[in-house]
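> Numbering (our numbering), first residue to last: 29 to 124. Ideal Cβ positions, reconstructed from N, Cα and C, are used throughout, including at glycine. Below: one structure in structure tokens.
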Ligand SMILES: [Zn+2]
């Protein structure tokens, strides 16, 4: 799933260490639904612009743990937002 520009990052030792730390920190519990979680998710999404900014990429406060299902939902949301759709604070979908 990793995009080309972020491949090196996701393969880096720093990221591997940090992501296992995050999994431990949250006891492998998805922060959305409480089920088993294994996906370390960037709250502020990694982009080609911020890939070299450790305040985004390696910031513990920018990371939460999700299960596959919740992670996919978030990813889908981000894609929809990128397509000109967005969700309001009540979770309703709008187009720009
Ligand atoms: Zn979940």
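For residue 67, which residues does DSSP report across the bridge?
As a position in the chain shown, residue 67 is number 39, starting the count at 1. DSSP output for residue 67 lists 94 as bridge partner(s).
> DSSP puts residue 57 in a beta bridge; with which residues?
Numbered from its first residue, the chain shown carries residue 57 at position 29. Answer is 64, bridged to residue 57.
> Is it buried or exposed for residue 92, if we count other Cβ within 10 angstroms and need 16 for buried?
For the purposes of this step, residue 92 is taken as the residue at position 64 of the chain shown. With 16 or more Cβ atoms within 10 Å of its Cβ, residue 92 is classed as buried.
> Any residues whose CB sits closer than 7 Å to a heavy atom of ligand 1? List them in chain order?
Here the residues come out as 58, 60, 61, 63, 65, 94, 95, 97, 98.
> When the distance is taken between beta carbons, is residue 76 closer than 7 Å to residue 33?
The sequence position of residue 33 within the chain shown is 5, counting from 1. The sequence position of residue 76 within the chain shown is 48, counting from 1. Taking 7 Å as the Cβ cut-off, residue 33 and residue 76 qualify as a contacting pair.
> Please identify the residue among 85, 63, 120 whose C-alpha is closest to the C-alpha of residue 44.
Residue numbering aside, residue 44 sits at position 16 when the chain shown is read from its first letter. It is 85.
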